[in-house]
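Before any comments, here is the structure.
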Amino acid sequence: MYLELSFFIFDNHYYYFLTDERSILETTIDKWISVEGVAEYLDVSSVTIYRWLEKGKIPAHRVGKQWRFKSSEIDAWVISGNAAEQSTETE
Numbered sequence: 001m002y003l004e005l006s007f008f009i010f011d012n013h014y015y016y017f018l019t020d021e022r023s024i025l026e027t028t029i030d031k032w033i034s035v036e037g038v039a040e041y042l043d044v045s046s047v048t049i050y051r052w053l054e055k056g057k058i059p060a061h062r063v064g065k066q067w068r069f070k071s072s073e074i075d076a077w078v079i080s081g082n083a084a085e086q087s088t089e090t091e
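Taking full-length UniProt numbering, the leading residue of the sequence shown gets 1, the next gets one more, and so forth.
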């Protein structure tokens with residue numbers, strides 16, 4: 001059986017395809033983002049991100065003493081409308 005592995009990058013995700021005559025397997029590798037990176041991504045200040053973290057309003061993970069964010073979780077959070085709710089609370 002002949003298998004071929006190929007990949008491409010789209011919207012900060014790596015997509016890997018393992019193909020043979022019968023199937024295609026897609027796997028996404030999610031990107032981790034820092035506080036500064038997510039602030040830039042959402043066009044808000046780092047202070048705003050820390051406020052949201054204190055209130056538990058933004059999806060995040062502790063890595064040692066630092067906060068990290070999964071790009072897919074941030075995208076889902078924005079799409080769900082929760083980010084808009086936080087923006088109005090901060091103003």
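The beta carbon of each residue, even a glycine, is placed where N, CA and C say it ideally should be.
Remember, it's a predicted structure, so these values are computed and weren't measured experimentally.
Is it the case that the Cβ atoms of residue 62 and residue 32 are separated by a distance below 7 Å?
With respect to residue 32, residue 62 sits apart: the two C-beta atoms are not nearer than 7 Å.
Check the DSSP bridge columns for residue 70 and list the partner residues they point to.
32
Give me the Cβ distance between residue 57 and residue 30, rounded to the nearest whole Å; I'm assuming they're in contact under 8 Å.
With a Cβ gap of about 21 Å, residue 57 and residue 30 do not count as contacting.
Quick one: is residue 84 buried, meaning 16 or more other Cβ sit within 10 Å of its Cβ, or exposed?
exposed
With H, G and I counted as helix, E and B as strand and the rest as coil, what does DSSP make of residue 63?
Three-state result, residue 63: strand.
Where residue 66 and residue 41 are concerned, what is the direct C-alpha to C-alpha distance, given to the nearest angstrom?
CA-to-CA, the gap between residue 66 and residue 41 works out to about 18 Å.
Three-state class that DSSP yields for residue 55 in the structure shown:
helix
Where does residue 80 fall in DSSP's three states?
coil
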